[in-house]
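Read through the structure below, which is laid out as structure tokens, and then see the notes.
There are 2 protein chains.
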Amino acid sequence: MIELPLDPASSFPEALADAARLTDALLEHHLVVPDGPEARVVKAMRYSALAPGKRLRPFLALASAQLFSVARRSALQAAAAVELVHAYSLVHDDLPAMDNSDLRRGRPTCHKEFDEATAVLAGDALLTFAFEVLAQPDTHGDPAVRCELVTALAQAAGDRGMVGGQMIDLLAENDPSLDIGAITRLQRLKTGALIAFSCEAGAILGKATAEARLALRGYAHDLGLAFQIADDLLDVEGSAAETGKPVGSDAAAGKATFVSILGVERARSQAELLIDQAVSHLDLFEEKAELLRQAAHFVINRRA
Amino acid sequence: MIELPLDPASSFPEALADAARLTDALLEHHLVVPDGPEARVVKAMRYSALAPGKRLRPFLALASAQLFSVARRSALQAAAAVELVHAYSLVHDDLPAMDNSDLRRGRPTCHKEFDEATAVLAGDALLTFAFEVLAQPDTHGDPAVRCELVTALAQAAGDRGMVGGQMIDLLAENDPSLDIGAITRLQRLKTGALIAFSCEAGAILGKATAEARLALRGYAHDLGLAFQIADDLLDVEGSAAETGKPVGSDAAAGKATFVSILGVERARSQAELLIDQAVSHLDLFEEKAELLRQAAHFVINRRA
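Here the protein sequences come in this chain order: A and B.
Add 517 to a position in the first sequence, counting from 1, and you land on the number used in the working numbering.
Add 517 to a position in the second sequence, counting from 1, and you land on the number used in the working numbering.
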């Protein structure tokens with residue numbers, strides 16, 4: 518009998534905590550500090566990948582894999598890979614040349630704790646290692662499945678995904694002419710693509726039907742946008758203690774966001790609408806998708 | 518009949534030019550500039566990956582693949598992937614926080630031509646895309662082979678390879694206590710690992726025997742070190758017009774190199790010794806390895 522990624526009887530907060538604990542344990546296992554002077558870059562990788570965080574993306578990978586009865590070890594490899602890519606993106610986005618952030622998840626950013634060169638290299642190595650993890654035989658017995666994961670992650674993370682979104686975001690700073698369509702596209706690339714990969718990874722590992730994949734893609738698409746709107750709302754309404762980063766930074770940077778265009782109230786109802794829509798995509802999976810449904814509601818009610 | 522990667526009757530300079538032309542054509546084909554504002558990062562990727570250069574690593578991938586009668590398209594995919602990773606490493610290494618170089622291959626570095634944020638993102642996307650290329654069905658019909666390539670490239674490029682070497686290099690700056698063993702290890706990681714992957718890729722694509730792989734690894738190992746010693750010699754003896762970058766930059770930075778420790782004459786004979794040794798590893802392949810033999814002699818006689 519295979520061991521499922523998560524306990525199907527658990528509540529979402531329990532499952533999220535389990536996902537974080539299991540993913541961190543695997544990352545701990547993978548990121549071994551070597552003896553030589555290059556230890557410094559591995560310490561910076563560990564500092565960033567094991568920083569406190571919700572581990573929402575690993576949870577999505579595990580909960581999606583659960584729909585197709587994927588074995589725990591397989592699902593965890595995908596969860597670890599997606600968290601490695603998420604961690605790399607935060608390290609590079611925080612750099613002085615990019616968003617120039619000093620604080621992340623309540624702690625100094627990687628380049629503040631180490632230095633800028635080490636942060637560039639740590640990000641590079643986290644990204645590289647994500648692909649190594651996916652290609653490992655532990656991820657799936659069928660190498661065609663592992664190749665499909667590598668392809669999907671590269672497309673989600675690269676210039677047609679996350680990197681492209683970050684490029685647009687940098688160019689859009691101080692551009693108040695950005696409309697809702699442009700912001701939606703920006704966020705679909707910048708945060709949506711990796712969230713979609715997290716869900717897609719479970720479907721790839723489970724060799725899901727085209728119908729099931731389409732449903733999960735729809736769920737992830739709506740969830741990703743709602744997640745971003747919630748993020749924008751937190752930047753306006755949250756406290757630094759809760760979010761672990763400076764508040765009001767978007768407005769201070771003159772950035773167009775969902776909230777700056779729609780206003781707080783309309784942004785909030787838009788997010789709620791998206792969550793209802795996300796949940797409706799899961800009907801196909803019946804009670805098996807309960808954790809994913811709970812996750813959707815959590816995303817817009819979170820305080821950090 | 519399969520079309521071989523290179524014309525077996527060509528001389529090394531012809532084959533090197535062919536490798537560059539074929540690899541650039543494939544990179545041109547792969548790196549399509551999109552319509553949206555994210556076009557900027559793809560232009561920076563093209564600027565860096567298609568910059569004038571010898572394309573020695575693609576040549577090594579093609580010439581190694583040739584030993585095992587690998588089809589041209591397969592070999593070219595591996596050649597493109599290794600050049601993408603090489604280009605990414607140059608873009609990030611040139612950043613102000615790293616080596617802070619303004620000139621590369623005779624042109625402004627990526628962050629000078631674009632800006633620092635775009636250069637970070639372009640490097641990230643080049644690295645990401647390399648893995649996408651390897652995972653494409655065009656690379657090899659057997660997904661197990663593609664997974665093996667992804668694994669080998671990730672190990673060569675990451676913290677246990679190139680990134681680790683660059684970390685050591687940054688820490689070693691202004692450290693005159695570095696001995697020859699430490700420099701050898703540094704260079705084996707920083708430049709040797711990717712050169713070794715270039716040769717190994719051909720063997721992986723050709724499902725070579727363990728004996729053949731071992732021979733190629735020995736060749737690549739010695740070639741990589743000789744290549745680096747030649748690079749150090751060029752920094753002392755070359756001209757900026759020939760090398761496309763400032764001369765004497767190692768000495769100015771107080772960097773320990775093979776030349777600063779061994780002196781010019783002993784460094785040169787060490788490089789010659791390594792090349793003889795590299796060539797001797799190729800005996801196994803008889804006349805089929807003629808291009809690789811010529812490449813080895815080229816490496817220490819190059820002027821740029």
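All C-beta atoms in this analysis are idealised placements derived from N, C-alpha and C, irrespective of residue type, glycine included.
Using the rule of at least 16 other Cβ atoms within 10 Å of the residue's Cβ for burial, across every protein chain shown, is residue 728 (chain A) buried or exposed?
Indexing the first sequence from 1 puts residue 728 (chain A) at position 211. Exposed is the call here.
For a contact meaning CB atoms closer than 8 angstroms, what does residue 646 (chain B) contact in chain A?
Position 129 of the second sequence, counting from 1, holds the residue named residue 646 (chain B). 671, 675 and 676, listed in chain order.
Use the C-beta contact count for residue 742 (chain B): other C-beta atoms within 10 angstroms, 16 or more gives buried, fewer gives exposed.
The residue labelled residue 742 (chain B) in the question sits at position 225 within the second sequence. Counting Cβ neighbours within 10 Å, residue 742 (chain B) comes out buried, since at least 16 surround it.
With three or more beta-carbon pairs closer than 8 angstroms as the criterion, would you say the region 572-586 of chain A touches the region 633-646 of chain A?
no
Does the Cβ of residue 546 (chain B) have 16 or more other Cβ atoms within 10 Å, making it buried, or fewer, making it exposed?
Position 29 of the second sequence, counted from the first residue, corresponds to residue 546 (chain B). That one is exposed.
On the three-state DSSP scale, how would you describe residue 731 (chain B)?
Counting from one through the second sequence, the residue named residue 731 (chain B) turns up at place 214. Here residue 731 (chain B) sits in helix by DSSP.
CB-CB length for residue 630 (chain A) against residue 564 (chain A), believed under 8 angstroms
By 1-based counting over the first sequence, the position of residue 630 (chain A) is 113. By 1-based counting over the first sequence, the position of residue 564 (chain A) is 47. That pair is a contact at about 6 angstroms.
Quick check: does the Cβ of residue 748 (chain A) come within less than 7 angstroms of any heavy atom belonging to the ligand ZN?
The ligand ZN is not among the ligands present in this structure, which contains no ligands whatsoever.
Go ahead and label residue 519 (chain B) buried or exposed: buried means 16 or more other beta carbons lie within 10 angstroms of its beta carbon, across all protein chains shown.
Taking the first residue of the second sequence as position 1, residue 519 (chain B) is located at position 2. Answer is exposed; the Cβ neighbour count stays below 16.
Distance between residue 568 (chain B) and residue 557 (chain B) (C-alpha atoms, nearest Å):
As a first step, residue 557 (chain B) must be located in the second sequence, where it is residue number 40. As a first step, residue 568 (chain B) must be located in the second sequence, where it is residue number 51. For residue 557 (chain B) and residue 568 (chain B), the distance between alpha carbons rounds to 16 angstroms.
Can you tell which of B:725, B:650, B:669 and B:693 has the C-alpha that lies nearest to the C-alpha of residue 822 (chain B)?
Outside the displayed range of chain B (518 to 821) lies residue 822 (chain B), so it cannot be described from this structure.
For the region 679-692 of chain A, which residues have a CB atom closer than 8 angstroms to at least one CB atom of chain B, in sequence order?
680, 681, 682, 683, 684, 685, 687, 688 and 689
Report the rounded CA-to-CA distance for residue 462 (chain B) versus residue 549 (chain B), giving the unit in angstroms.
Residue 462 (chain B) falls outside the range modelled here, since chain B spans only 518 to 821, and no answer is possible.
Strictly by DSSP, which residues pair up with residue 620 (chain A)?
Residue mapping note: residue 620 (chain A) aligns to position 103 of the first sequence, counting from 1. Paired residues: A:625.
Neighbour-count burial assignment, residue 781 (chain A), 16 or more Cβ in a 10 Å radius
Here residue 781 (chain A) is taken as the residue at index 264 of the first sequence, counted from 1. With fewer than 16 other Cβ atoms within 10 Å, it is exposed.
How long is the line joining the alpha carbons of residue 679 (chain A) and residue 815 (chain B), rounded to whole angstroms?
Within the first sequence, residue 679 (chain A) is the residue found at index 162, counting from 1. Within the second sequence, residue 815 (chain B) is the residue found at index 298, counting from 1. Straight-line Cα distance between these residues: approximately 41 angstroms.
What residues of chain A sit near residue 668 (chain B), judged by a beta carbon separation below 8 angstroms?
Position 151 of the second sequence, counted from the first residue, corresponds to residue 668 (chain B). Going along chain A in sequence order, the residues near residue 668 (chain B) (Cβ under 8 angstroms) are 649, 652 and 653.
Once you ignore the five residues that flank residue 601 (chain B) on each side, which residues in its own chain have a CB closer than 8 angstroms to its CB?
Locating residue 601 (chain B) in the second sequence gives position 84, counting from the first residue. Correct list, in chain order: 544, 566, 643, 644, 646, 647 and 650.
Check whether the region 703-714 of chain A touches the region 594-609 of chain A, counting contact only when three or more Cβ pairs, one atom from each stretch, lie closer than 8 angstroms.
yes
Apart from the five residues on each side of it in sequence, which residues of its chain come closer than 7 angstroms, Cβ to Cβ, to residue 672 (chain A)?
Position 155 of the first sequence, counted from the start, is the residue given in the question as residue 672 (chain A). Closer than 7 angstroms at Cβ, skipping near neighbours: 678.
When the Cα atoms are used, what is the spatial distance from residue 693 (chain A) to residue 700 (chain A)?
Counting from 1 along the first sequence, the entry for residue 693 (chain A) is found at position 176. Counting from 1 along the first sequence, the entry for residue 700 (chain A) is found at position 183. The straight-line gap from Cα to Cα measures roughly 11 angstroms.
Interface residues of chain A facing residue 612 (chain B) [CB-CB closer than 9 angstroms]
On the second sequence, position 95 is the one that residue 612 (chain B) refers to. Within 9 angstroms Cβ-Cβ: 614, 633, 634 and 637.
Residue 599 (chain A) - DSSP class collapsed to helix/strand/coil
Counting from 1 along the first sequence, the entry for residue 599 (chain A) is found at position 82. The answer is helix: DSSP assigns residue 599 (chain A) an H, G or I state.
Out of curiosity, what's the CA-to-CA distance linking residue 830 (chain A) and residue 533 (chain A)?
The structure shown does not extend to residue 830 (chain A), since chain A spans only 518 to 821, so no value can be given for it.
Beta-carbon within less than 6 angstroms of residue 825 (chain A)'s beta-carbon, same chain only, minus the 5 sequence neighbours each way: which residues are those?
Beyond the ends of chain A as shown, which are 518 and 821, falls residue 825 (chain A); an answer cannot be given.
Where does residue 691 (chain B) fall in DSSP's three states?
Stepping through the second sequence from its first residue, residue 691 (chain B) is reached at position 174. Three-state result, residue 691 (chain B): coil.
Tell me the residue span of the alpha helix (DSSP H) that contains residue 653 (chain B).
Counting from one through the second sequence, the residue named residue 653 (chain B) turns up at place 136. That residue, residue 653 (chain B), is in no alpha helix (DSSP H); it is neither H nor E in DSSP.
Nearest chain A C-beta to residue 545 (chain B) closer than 8 angstroms, yes or no?
Numbered from its first residue, the second sequence carries residue 545 (chain B) at position 28. Chain A, which has no Cβ nearer than 8 angstroms to the Cβ of residue 545 (chain B), makes this no.
Can a CB atom of chain B be found closer than 8 angstroms to the CB of residue 642 (chain A)?
For this step, residue 642 (chain A) is matched to residue 125 along the first sequence. Answer yes: the Cβ-Cβ gap between residue 642 (chain A) and chain B drops below 8 angstroms somewhere.
What does residue 664 (chain A) touch in chain B if you count any residue whose Cβ is under 7 angstroms from its own?
One-based indexing of the first sequence puts residue 664 (chain A) at position 147. Residues of chain B passing the Cβ test: 652, 660, 663 and 664.
Could you have a look at residue 530 (chain A) and say whether DSSP puts it in helix, strand or coil?
Locating residue 530 (chain A) in the first sequence gives position 13, counting from the first residue. Correct three-state label for residue 530 (chain A): helix.
Ordered along the chain, which non-local residues of its own chain (more than five positions away) have a Cβ less than 6 angstroms from that of residue 687 (chain A)?
Here the question's residue 687 (chain A) lines up with position 170 in the first sequence. Closer than 6 angstroms at Cβ, skipping near neighbours: no residue.
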